[in-house]
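Residue numbers (my numbering): 394 to 1003. What follows is a short report on a single structure.
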Ligand SMILES: [Zn+2]
């Protein structure tokens, strides 16, 4: 071990601890946790947190509020999911926690079929990740099958680009569907079922004007089309394929125009859309709605458990009613809450205008919660998986702070990220070290290639050496790198400003006493005092000999108080050691004392988190 004291935070474990304690407190007190009780428990469990407890109060309060919005049943199942967390070491020695989801109702081992049905109308985001991870996890848990089905029946909104983006995102997440299919592959089957539905008086073709339909729906009144004969509707249905114009006719479910659930007031099952489909071209013009396609496809595909987000809850009645009229098998529909982060919109409706206005730079802008953006930012797919499972399968709305995901990610990248030195240019001073003489090169950390050279500047003698630095304080497999050092370094001004007359340690190098800081705080002089590790302030450094300029993008919360945050993308210019230009694109580095960053382009990094 050297004296690189960059510590890896246990923030994620603290957040999980708080969540666990809040859940327990709630379950023990009729579903309502209390901030003061949970705070006391946190201190009792982790006395070391006592001094910093004030800073944790907002997190504890937010967690308690989130937990208190859950039903007691949900609290119990979430607590159980956490309790079942098994800590283990993964292949690469990284600690992982495994979470088990609560059992599925009516699940038979070997017979469970789940599906993830995204519409290819945008980029996949953290909400999709939640759905797909849970769907796949349940299929694996019951040794069943998992289907990826593109629900692509609205050609106006769908694009080839989005199918590819979804496939890329899922592949990156490590999702392995047993079957991949498109709803648009089944159009003929869907037409057949529509026809059957007309034959059993379960559907009718309505040719009323859209405004009239809307009005009737609101007032709960049926239109004249409803009472036409079955034969008339079969004929109208046929005309939908070649004669009616868009909006002139729709196939409606024969529901209940007086139902208190307005979804049941004769909803649309098929409509005419004249638009080229990304896969099927112009082959079809009559397209099913989500309601029809989802229920019939699920039943045909053998889905046993159809998991979908809670916003569809009111549509469950229709889902089952369509299948009942058709005499088709009913999958069991289960809801889970949507997942999004505070201040990070997930919907295409909100992201697309930001891209158009140039306020974010594309779907993979690191401020967005799309998978492409999270990936670019250096969030690991395993972290997303663990994060989703740690939240459990609950119906209560969850808007966990992004820091929870960061904390899990930090634990995963900590063991593999190269440690590199960098000094921000807005907090930088040039330090010249005197008194090295020929000693530079004999120290414990300095290898044998020391050489004496003539300083090009003033012609004065100065000593250069090549220093070997470990790439990671504990993971020896990451090896080491060589840095050429002279007697001038960029160091953080904030470390030097108050160190005049004091001894400091240049991390992994040697100790110096800061003698003088020049006017304007641009340069400082120091005297070499020895190699031995001492208990003095540790300062990172970048050798002026081989400093390179790098840029680090620092994503922050995109929306604050529901308003676009113009400060949401910070840019830090810094000096880094030249090795920063040699790392593989996409790899993670930890800039010591700054944070974990992903190499995005030559000399450009994106900060993942501290
Ligand atoms: Zn009508």
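Note that the Cβ used here is the ideal one computed from N, Cα and C, for glycine as well. The structure displayed is predicted, hence computed values, not measured ones.
Under a Cβ-count criterion, where at least 16 other Cβ atoms within 10 Å of its own Cβ denotes burial, should residue i be classed as buried or exposed?
i, result
"residue 558", "buried"
"residue 456", "buried"
"residue 408", "buried"
"residue 413", "buried"
"residue 1067", "Look at the range of the chain in this structure, 394 to 1003, and you will see that residue 1067 is not part of it."
"residue 802", "buried"
"residue 1001", "buried"
"residue 1004", "No information on residue 1004 is available, as it lies outside the stretch 394 to 1003 that the chain covers here."
"residue 854", "Its pLDDT being 43, under 50, residue 854 is placed unreliably by the model, and nothing is read from it."
"residue 955", "exposed"
"residue 528", "buried"
"residue 530", "buried"
"residue 635", "exposed"
"residue 783", "buried"
"residue 489", "Per-residue confidence for residue 489 stands at a pLDDT of 47, beneath the threshold of 50, marking its modelled position as unreliable; the derived number appears in the next sentence. Classification of residue 489: buried, given that the 10 Å Cβ count is 16 or more."
"residue 422", "exposed"
"residue 582", "exposed"
"residue 746", "exposed"
"residue 840", "For residue 840, the predicted structure reports a pLDDT of 41, less than 50, and the residue's modelled location is therefore unreliable. The matter cannot be settled from this model."
"residue 991", "buried"
"residue 957", "exposed"
"residue 717", "exposed"
"residue 357", "Here the chain has residues from 394 to 1003 only, and residue 357 is not among them."
"residue 807", "buried"
"residue 602", "exposed"
"residue 654", "exposed"
"residue 605", "exposed"
"residue 893", "exposed"
Would residue i pass as an interface residue toward chain D - the criterion being a Cβ-Cβ separation below 9 Å?
i, result
"residue 904", "This model lacks chain D altogether, as it is built from one protein chain only."
Using a threshold of 8 Å, is the CB atom of residue i nearer than that to any non-hydrogen atom of ligand 1?
i, result
"residue 618", "yes"
"residue 600", "yes"
"residue 605", "yes"
I think residue i touches residue j, with their Cβ atoms under 8 Å apart; what is that distance to the nearest whole Å?
i, j, result
"residue 770", "residue 519", "Not a contact, Cβ separation roughly 12 Å."
"residue 824", "residue 921", "So it is not a contact: roughly 12 Å between Cβ atoms."
"residue 865", "residue 812", "6 Å"
"residue 932", "residue 969", "That pair is no contact at about 15 Å."
"residue 884", "residue 896", "About 14 Å; that fails the 8 Å criterion."
"residue 974", "residue 988", "About 19 Å; that fails the 8 Å criterion."
"residue 901", "residue 862", "5 Å"
"residue 965", "residue 723", "At roughly 56 Å, the Cβ-Cβ gap does not stay under 8 Å, so residue 965 and residue 723 are not in contact."
"residue 682", "residue 711", "That belief does not hold up - the Cβ atoms of residue 682 and residue 711 are roughly 10 Å apart, past 8 Å."
"residue 939", "residue 961", "Actually they are not in contact, since the Cβ atoms of residue 939 and residue 961 sit about 33 Å apart, beyond 8 Å."
"residue 740", "residue 820", "No, residue 740 and residue 820 are not in contact; Cβ-Cβ is about 39 Å, not under 8 Å."
Within the present structure, is the beta-carbon of residue i separated from the nearest heavy atom of ligand 3 by less than 8 Å?
i, result
"residue 754", "You won't find ligand 3 in this model; what it holds is ligand 1."
| request: Give a yes or no on contact between the segment 722 to 740 and the segment 782 to 801, applying the rule of three or more CB pairs nearer than 8 Å. | output: yes
| message | Below 8 Å, how does it come out for the segment 540 to 555 and the segment 574 to 587: are there three or more Cβ pairs, yes or no? | response | yes
| task | Tell me, please, whether the segment 907 to 923 touches the segment 698 to 707 by the rule of three or more beta-carbon pairs shorter than 8 Å. | result | no
| request: Would you be able to state if there are at least three C-beta pairs under 8 Å between the segment 502 to 509 and the segment 685 to 696? | output: yes
| field | contact_flag[the segment 464 to 472, the segment 813 to 820] where n(CB pairs < 8 Å) is 3 or more | value | no
| query | So does the segment 551 to 567 actually touch the segment 759 to 768, counting three or more Cβ pairs closer than 8 Å? | reply | yes
| message | Taking contact to mean 3 or more Cβ pairs, one atom from each stretch, closer than 8 Å, check whether the segment 746 to 758 and the segment 771 to 779 are in contact. | response | no
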